[in-house]
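Our numbering applies: residue 3 is where the sequence shown begins, and numbers increase by one. For every residue, glycine included, the Cβ atom is placed at its ideal position computed from N, Cα and C. Right, one structure below, let's go through it.
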Amino acid sequence: MPEAAPRFASELKRALPDHSIRRLAKDSGWGRSTVHEWMSGVRLPNPRQLDDLLDVGSVAPGLRRRLHELRDQVAGPADGSTSTVTVELSELRSATTISNTTNETDPSLPDDPVGSAAEFASADGPDRPDAPPDTSRTTSGHPPASAGAESGPAPRTLFLGGLLVAALLAAGAFGAGYLVGRGDGPVDLVAAEVIGTGGEGILTRQAPTTESAQVGSVEEGAMVEVICVVPNGESVYSEANGASSSVWALLADGSWTFDLYLTTPKAQAAGEPPPAPLKLCGDL
Numbered sequence: 003m004p005e006a007a008p009r010f011a012s013e014l015k016r017a018l019p020d021h022s023i024r025r026l027a028k029d030s031g032w033g034r035s036t037v038h039e040w041m042s043g044v045r046l047p048n049p050r051q052l053d054d055l056l057d058v059g060s061v062a063p064g065l066r067r068r069l070h071e072l073r074d075q076v077a078g079p080a081d082g083s084t085s086t087v088t089v090e091l092s093e094l095r096s097a098t099t100i101s102n103t104t105n106e107t108d109p110s111l112p113d114d115p116v117g118s119a120a121e122f123a124s125a126d127g128p129d130r131p132d133a134p135p136d137t138s139r140t141t142s143g144h145p146p147a148s149a150g151a152e153s154g155p156a157p158r159t160l161f162l163g164g165l166l167v168a169a170l171l172a173a174g175a176f177g178a179g180y181l182v183g184r185g186d187g188p189v190d191l192v193a194a195e196v197i198g199t200g201g202e203g204i205l206t207r208q209a210p211t212t213e214s215a216q217v218g219s220v221e222e223g224a225m226v227e228v229i230c231v232v233p234n235g236e237s238v239y240s241e242a243n244g245a246s247s248s249v250w251a252l253l254a255d256g257s258w259t260f261d262l263y264l265t266t267p268k269a270q271a272a273g274e275p276p277p278a279p280l281k282l283c284g285d286l
């Protein structure tokens with residue numbers, strides 16, 4: 003490890019004055035012993051790992067860039083000269099002092115500073131310079147990354163959840179558009195009451211046929227909103243009033259039910275359109 007590595011670790015601590023190793027490990031997602039090795043100068047973090055630490059402290063862009071430059075100089079091939087690094091470290095101290103005044107201080111932070119004895123007694127394992135590198139990550143962070151590699155959490159759960167919601171919405175939209183034309187204007191919904199079921203209510207289905215899958219039910223006396231009607235659905239018979247009808251109503255939720263049990267405007271004769279404002283689905 004180059005001689006300037008401990009100096010770089012010291013400047014990194016200056017950039018994160020209010021963050022303990024415990025908090026850095028928790029919020030960045032890296033193991034506590036690994037963070038300890040970075041902060042004590044035992045080994046250097048790669049650029050992505052350094053960014054993870056600086057993200058926790060909301061380090062200003064200018065200071066972040068200078069820390070990356072110093073890290074690259076320390077990690078570069080040894081040429082026997084550390085004068086440039088020394089000058090950069092000196093300039094960084096001044097920049098750190100200015101930047102730290104803009105960082106918010108969280109009163110709930112642990113009172114053990116970075117590098118304290120409490121951190122070295124971590125239950126994560128032996129935190130000593132000769133210990134093997136700890137590449138484990140906590141559940142709140144990213145997956146392990148090799149030096150210089152980019153890594154990050156794959157939000158598959160959120161993505162799949164979003165697809166599921168989109169699929170459900172699309173299914174509802176398809177149901178509402180079944181047998182409905184592609185008119186550009188808005189559709190006027192017609193309010194109707196469920197009646198004549200003998201107190202049993204009505205079932206709603208995916209399509210205008212009793213063989214279609216049931217998707218819900220509506221109690222007698224409840225109000226529904228009708229988009230349009232189809233006069234050529236499967237014929238149903240009402241024992242309550244001794245009438246039959248092949249007219250089905252498309253409800254606002256995309257499901258179908260018998261128009262026979264709704265107080266919608268009825269056509270005067272078979273094949274005629276219903277009175278306004280109710281429309282045939284094919285006319286929309």
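Does DSSP put residue i in a helix, a strand or coil?
{"i": "T265", "result": "coil"}
{"i": "S83", "result": "With a pLDDT of 40 at S83, under the threshold of 50, the modelled position of this residue cannot be trusted, and the question is left open."}
{"i": "E39", "result": "helix"}
{"i": "E13", "result": "helix"}
{"i": "V44", "result": "coil"}
{"i": "V58", "result": "helix"}
{"i": "D53", "result": "helix"}
{"i": "P8", "result": "helix"}
{"i": "D20", "result": "coil"}
Buried or exposed, going by whether 16 or more other CB atoms sit within 10 Å of the CB of residue i?
{"i": "A11", "result": "buried"}
{"i": "A17", "result": "buried"}
{"i": "S60", "result": "exposed"}
{"i": "Q51", "result": "buried"}
{"i": "D74", "result": "exposed"}
{"i": "P47", "result": "buried"}
{"i": "A193", "result": "exposed"}
{"i": "S35", "result": "buried"}
{"i": "S30", "result": "buried"}
{"i": "T104", "result": "At T104, the pLDDT of 43 sits below 50, so the modelled position is not reliable; the number obtained from the coordinates is stated separately. Its Cβ having fewer than 16 others within 10 Å, T104 is exposed."}
{"i": "P233", "result": "buried"}
{"i": "S246", "result": "exposed"}
{"i": "G223", "result": "exposed"}
{"i": "L201", "result": "As written in the sequence, residue 201 is Gly, which differs from the Leu given in the question. Counting Cβ neighbours within 10 Å, G201 comes out exposed, since fewer than 16 surround it."}
{"i": "G284", "result": "exposed"}
{"i": "E261", "result": "Note on residue identity: the sequence assigns Asp, not Glu, to residue 261. The residue is buried, with at least 16 neighbouring Cβ atoms inside 10 Å."}
{"i": "E274", "result": "exposed"}
{"i": "S237", "result": "exposed"}
{"i": "A272", "result": "exposed"}
{"i": "E221", "result": "exposed"}
{"i": "R13", "result": "Before going on, a small fix: residue 13 reads as Glu here, not Arg. It counts as buried."}
{"i": "P63", "result": "exposed"}
{"i": "P279", "result": "exposed"}
{"i": "G235", "result": "buried"}
{"i": "G244", "result": "exposed"}
{"i": "G33", "result": "buried"}
{"i": "D54", "result": "buried"}
{"i": "P277", "result": "exposed"}
{"i": "P19", "result": "exposed"}
State the start and end residues of the unbroken alpha helix (DSSP H) segment that holds residue i.
{"i": "E71", "result": "63-77"}
{"i": "D29", "result": "23-30"}
Taking the beta strand (DSSP E) that residue i belongs to, which residues open and close that run?
{"i": "E202", "result": "It is not in any beta strand (DSSP E) - E202 carries neither H nor E in the DSSP assignment."}
{"i": "V192", "result": "192-195"}
Hey, is residue i's beta-carbon within less than 8 angstroms of any beta-carbon in chain C?
{"i": "G218", "result": "Of the protein chains in the structure, only one exists, and it is not chain C."}
Uninterrupted beta strand (DSSP E) stretches inside the region 205-283 (no shorter than 3 residues):
216-220, 225-232, 238-240, 245-247, 250-253, 258-260
Are the region 264-279 and the region 207-216 in contact at 8 angstroms, needing three or more beta carbon pairs?
no
If contact is defined by three or more beta carbon pairs under 8 angstroms, each pair taking one atom from either stretch, is the region 61-73 in contact with the region 28-45?
no
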